[in-house]
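Please read the structure below before turning to the comments.
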Amino acid sequence: MTDRVQAEARGEGLATAFRFARRDLRGGFRGFRVMVACLTLGVAAIAAIGSLTGMVRDGLARDARVLLGGDLDIRLRSQPATPEQVAWLRERADMSLAVAMRAMAARLPGDAGSAPPARRRTLIELKAVDDAYPLLGNVQLTPGMSLRDALKRGPDGSFGAAVERGVLSRFGLKVGDALTIGATRFDIRAEIVNEPDKAAGAFKLGPRVFIDEAALAGTQLVQPGTMAAWHYRLRYRPGTDGAALESALDNAFPDAPWRVRNVEEATPRIQRWIDRAALFFTMVGLTALLVGGVGVAGAVKGHLDSKRDTIATFKCLGASGRFIFTVFGLEIAAMALAGIALGIAIGVGLPLALAPMLAQYLPVTAEFSIQPRALAAAILYGIAVAALFTLWPLARAREVRAAALFRGLVDDAPFRPRAGTLAGLVLAGAVIAALALLTAFRPSFAAWFIFGAVVAFAVFTVAVAAFSRLAVASARRLGAAGRPWPRVQLALANIARPGAPARAIVLALGIGLTVFVALAEIEGNFQRQIADRLPQAAPAYFFIDIQPDQVEAFERTVRAVPGAGDIDRMPSLRGRIARVNGTPIDKVTVGPGAQWAVDSDRGVTYAATLPEGSFIESGAWWPADYKGPPLLSIDARIAQGLGAGVGDTITLNVLGREVTAEIANTRRIDWSQLGLNFTMVFSPGLLEGAPQTFIATVQATPEAEDALARAVTDRFGNVTAIGVREALGAVSDALSQIGLAASATAGLALVSGVLVLAGAIAAGRRERTRDAVILKITGARRRDLAAAYVIEYGLAGIAAAILAAILGTIAAFFVLTQVMDADWVFLPGPALATLAVATLAVIGFGFAGTWRALAQRPAEVLRATAQQ
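Numbering (the working numbering), first residue to last: 467 to 1334.
In structure tokens, the structure reads:
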């Protein structure tokens, strides 16, 4: 007979077990509160993050054509399409043109605006559009009018402009006033409320300004080599085969230097950002769930410990260990499913509540919808974590012997889990790991997370054991030395005793604090580099689109400004990687670290000497007087991602001409110096005759910065000044917002740790009360016991904080130096803050949880014990 048949014969079938479990649960769910809360929190976080991510992805797919601006986007850098190419496109589809570039806008001299003199000019994101723009969607303006009416030439011959609010606020202007862009005056006729293809654009350094494409030539901003992008958007006519049209385009103009994107490639940059953010936040949510698993294990253990007499009684009456496992397993499964169900309900509702608040940060409207894949993943995570942390106490309860009915409260008998229990634990862990790997945008990141989580749990488990042994040894030494420190001895003994909450506190709270410290150190290092290194190394301005015949006059203008310092300039061209060792780039397996470099054209230059801030990793730099076949110096990470090295060849399409060069060296570039540098640098002799502009950086004192920008842009209307301080301020604000979101998410792990703390304290309240009564009977005062508890919980908090500070700092060091290739400096602030907050939190929660034990009168407790 099988075990199941034998169990049925003894009356221990599943139906009987279910009836016993239901009866036991009628007594209340109080012991499961922490378990349900921990599972609810972790599952809700994963479900909400997955649901919101899915809603954003659905929005990107739904609005892909609007974001792209049509069915096909054809982009050229630094040059427009030829008349032949434009005619070919117009013959086959509806077409619109948008020219995007950065430029300087100026307030008219003597304008009655309220802006200070320093704001006579400002950097803008200029978009010149034709009559057909936008092919899809609408540009919303205030006052209400069409974009065409806002931009068209007026009766007086002046063109109009539509501007974002930032232009008005910086200049102190209003609709109806005027400004100049380049050599042309524009009337401000409307304020931009919404731009349909805004999310698909590049990172913005200034507010948007729309002008008519017919007015662009008059601005004199477009010069040979100007850093501008011509976007030719196509809307297919009915019956058009998109794939066939793309193929015909490639065949008709095989050497055209454009980048073609269809609807499926509408927002690759946004997709990658969303995927990375979702991966990070999901991993943090999983951390909260795993930390909560410690609380789950503690709650289950506490519940089963309270049922030891019941289990022993069952054993005395002939119940098998299998029946015990089934009864309490059903109870725990019911509570786990309740927590998971509640977490799913919250996870479904949170995106609905958060979407309006996050609308300004999201690239598209996140319309509410149920995301089955995200919810399924959250459910599986919840089930796997519940199994991982409940199987062990369940298996231990299965082995409780009948003799335990006549023994003390705590059973320290050795426990050896059965093979089935170990197999279940391995399976649960494997499910968690498989889910993390299969749902991750970058499996390698998920793999590192799994490795880090296992290491963190292992380190904290070993540390908890060492902490307990150290407490025992310290208590014995104090006793042997005869020192009158009974409060300290009692606290140390409490830490080391079986079932003490201090160990669960150090494990759960420590892991949550580790995540918090790591994020704080990473964000702090980024902010330090922006705030502290800027005054030392950063130039005041980047000046772009300097024409070759303006270089000497530009430098004279700069040197005439008091307070202006060193000038560094380099030629600037645009090139797109076309081949690697003769293989077309679309047939090359590109690593994730280099994908961004092949997605679009990149800035390239040529130089005789190694640019400052570059460090050779392999190969050698060419001689300053080198004259020979073209050589290339390339960023080491890009070379690695392309599978190329010294001696290999790379072909770039530079302004429609393919140029092949041999890699002479690979470089590591220190971008944090904010100097001039390019990922790809050619040897001299090849590109000098190509259409090009110059880019320059200028050092200046803070007092001279405004005068410098005015002097240059007043004289050279086509030159754009990018203020480094303003740009880095925008980056700093973005980092702060990201850091706030990351810290808020990491706070989930801390909340899980606090739940574990509360559960551990609540689980030991009965023993605390009994111990307090015994100590009071033997002469201990309430203040003595209170002091001992404060010391006990304070030591647990300090231990958790110290371990978290060490592990969190190591994790931050690894991420910054190995993943992000950034500098790292130890910042004591996060570590000290963690130490203080953790210690105070543990003492506060611990003391609040034990105050009732201190308040109990011995007579009441003894009377209640005698009646049991």
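The beta carbon of each residue, even a glycine, is placed where N, CA and C say it ideally should be.
Run of the beta strand (DSSP E) containing residue i, from where it starts to where it stops
i, result
"residue 553", "Taken as a continuous stretch (DSSP letters only), residue 553 belongs to no beta strand (DSSP E), being part of the alpha helix (DSSP H) at 549-558."
"residue 696", "694-701"
"residue 717", "First-last for residue 717: 708-718, but that is the alpha helix (DSSP H), not the beta strand (DSSP E)."
"residue 1186", "1186-1189"
"residue 1080", "1080-1085"
"residue 961", "Looking at the DSSP string, residue 961 is not in any beta strand (DSSP E); the run it does join, the alpha helix (DSSP H), is 952-962."
"residue 1070", "1068-1072"
"residue 608", "606-608"
Residue from the options with nearest C-alpha to residue i
i, options, result
"residue 1150", "1096, 1170, 1183", "1096"
"residue 1291", "1282, 848, 1298", "1282"
"residue 1033", "1008, 1016, 1042", "1008"
"residue 520", "672, 836, 820", "836"
"residue 510", "688, 813, 657", "813"
"residue 727", "541, 1063, 1074", "541"
"residue 1274", "1069, 1063, 594, 986", "986"
"residue 1255", "1272, 1305, 1220, 1271", "1305"
"residue 1127", "1070, 1037, 1160, 1135", "1070"
Residue i - partner residues in DSSP beta bridges
i, result
"residue 991", "Bridge partners of residue 991: none, in fact."
"residue 1275", "Note: residue 1275 sits in no beta bridge, so no partner."
"residue 570", "589"
"residue 1124", "1119"
"residue 855", "In DSSP, residue 855 forms no bridge with anything."
"residue 561", "700"
"residue 1163", "1008, 1034"
"residue 1099", "1131, 1147"
"residue 1049", "1046"
"residue 625", "652"
"residue 1251", "Answer is none; residue 1251 lacks a bridge partner."
"residue 1268", "None, per the DSSP bridge assignment."
"residue 675", "592, 629"
"residue 543", "695"
"residue 646", "572, 651"
"residue 601", "Paired residues: none, contrary to the question."
"residue 1040", "1069"
Alpha helix (DSSP H) segment containing residue i, residue limits
i, result
"residue 484", "480-491"
"residue 728", "Premise fails: residue 728 lies in the beta strand (DSSP E), 725-728, not in any alpha helix (DSSP H)."
"residue 512", "499-528"
"residue 653", "Segment 650-660 is the beta strand (DSSP E) holding residue 653; no alpha helix (DSSP H) there."
"residue 821", "787-824"
"residue 1061", "1061-1064"
"residue 616", "613-617"
"residue 781", "774-782"
Residue i, buried or exposed, once every other Cβ within 10 Å from all chains shown has been counted against 16
i, result
"residue 920", "exposed"
"residue 730", "exposed"
"residue 611", "exposed"
"residue 783", "exposed"
"residue 1049", "exposed"
"residue 481", "exposed"
"residue 1004", "buried"
"residue 1093", "exposed"
"residue 582", "Because residue 582 sits at a pLDDT of 47, beneath the cut-off of 50, its placement in the model cannot be relied upon, and the following sentence gives the value as read from the coordinates. Flag for residue 582 reads exposed."
"residue 856", "buried"
"residue 1314", "exposed"
"residue 1243", "exposed"
"residue 517", "buried"
Any non-hydrogen atom of the ligand MN within 7 Å of residue i CB
i, result
"residue 661", "The ligand MN is not part of this structure, which contains no ligands at all."
Exercise. Is the segment 685-699 touching the segment 557-566 in the sense that three or more CB pairs, one from each, lie closer than 8 Å?
Worked result: The segment 557-566 vs the segment 685-699: in contact.
Exercise. Between the segment 1264-1282 and the segment 982-990, are three or more C-beta pairs nearer than 8 Å?
Worked result: The segment 1264-1282 makes contact with the segment 982-990, as at least three CB pairs between them are under 8 Å.
For this session: Tell me, please, whether the segment 1127-1136 touches the segment 1162-1173 by the rule of three or more beta-carbon pairs shorter than 8 Å.
Result: Look at the beta carbons and you see the segment 1127-1136 not touching the segment 1162-1173: under three pairs across the two are nearer than 8 Å.
Exercise. Counting Cβ pairs closer than 8 Å, one from the segment 787-802 and one from the segment 480-489, do we hit at least three?
Worked result: Enough Cβ pairs lie closer than 8 Å, so yes.
Exercise. Is there contact between the segment 835-855 and the segment 799-815, where contact requires at least three CB pairs shorter than 8 Å?
Worked result: Taking one beta carbon from each stretch, the segment 835-855 and the segment 799-815 have 3 or more pairs nearer than 8 Å; the two touch.
Exercise. So, do the segment 1052-1059 and the segment 713-729 have three or more beta carbon pairs nearer to each other than 8 Å?
Worked result: With the cut-off at 8 Å, the segment 1052-1059 and the segment 713-729 do not touch.
For this session: Count the C-beta pairs between the segment 888-906 and the segment 930-940 that are closer than 8 Å, then say yes if the count reaches three, no if not.
Result: These segments do not touch.
For this session: Please confirm if the segment 1168-1178 is in contact with the segment 1022-1033, defined as three or more CB-CB distances below 8 Å between the two stretches.
Result: Touching, per the Cβ criterion.
Problem set entry | Contact the segment 1113-1120 vs the segment 1072-1082: 3+ CB pairs below 8 Å | Short answer: they don't touch.
For this session: Count the CB pairs spanning the segment 636-646 and the segment 565-574 that are closer than 8 Å, and state whether there are at least three.
Result: Between the segment 636-646 and the segment 565-574, the count of Cβ pairs shorter than 8 Å is three or higher; the stretches touch.
Exercise. For the segment 592-608 against the segment 669-681, are there 3 or more C-beta pairs whose distance is under 8 Å?
Worked result: Taking 8 Å as the limit for Cβ pairs, the verdict is that the segment 669-681 does touch the segment 592-608.
For this session: Check whether the segment 1006-1021 touches the segment 646-660, taking contact to mean three or more Cβ pairs, one atom from each stretch, closer than 8 Å.
Result: Here the segment 1006-1021 makes no contact with the segment 646-660; the two share fewer than three CB pairs at distances below 8 Å.
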